[in-house]
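This report concerns only the one structure given below.
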Amino acid sequence: MGKGKMLREEGYKPRILAVDEFAIHKGHSYATCVMDLEQGDILWVGKGRAMKDFEKFFEDVPSDSLSAVIAVAMDMNASYNKLVTKHLPKARIVYDRFHMQSQFGRDVLSAVRLDEARRHKAKKRKSLPISRMIPTRKL
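Count along the sequence shown from 1, add 55, and you get the number used in the numbering used here.
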């Protein structure tokens, strides 16, 4: 019996979920997957990765089956965050380490690049000869 059916029939109530999307065909079509991290089972898979696609999980799975959920692990997808907050307001959202490190790296590198560009520009201004800094008139 599949976990989806168990959610409806046997009172199975997962506590810790994970949500992720994956490519079905690289760069062309995607699916969203919801897993029970404690049991290691896939609970639901739906075609697409948009907000409306993940919303189907909450339509397909009875809300009382999700009443024990205390945490949901996910990437930093704002749509997933919004839906989990809406449908599971008591659950904590936990961002996965890979995406946190990746975002941190992008933020830090952007700040360092911007600082270096400013420093380089200021240094270049200081090193220009005075004759190039003051406009002169040709006679």
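Beta carbons are placed, not taken as given, at the ideal position from N, Cα and C, and that holds for glycine.
- Inclusion of Tyr85 and Glu76 in the CB contact set at 8 Å is warranted, their separation being smaller than that value.
- The DSSP-derived three-state label of Asp96 is strand.
- Within the same chain, Cβ atoms closer than 7 Å to the Cβ of Tyr135 are found at Val74, Phe109 and Met129, the five residues on either side in sequence being excluded.
- For Ser84, the pairing in a beta bridge is given by DSSP as His80.
- For the pair His83 and Ala177, the Cα-to-Cα distance works out to about 45 Å.
- For the pair of segments examined, the region 160-174 was found not to touch the region 132-147: the number of CB pairs separated by less than 8 Å stays below three.
- In the structure shown, the three-state DSSP call for Lys145 is coil.
- In this structure, Val116 sits away from Ala146, with a CB-CB distance that is not shorter than 8 Å.
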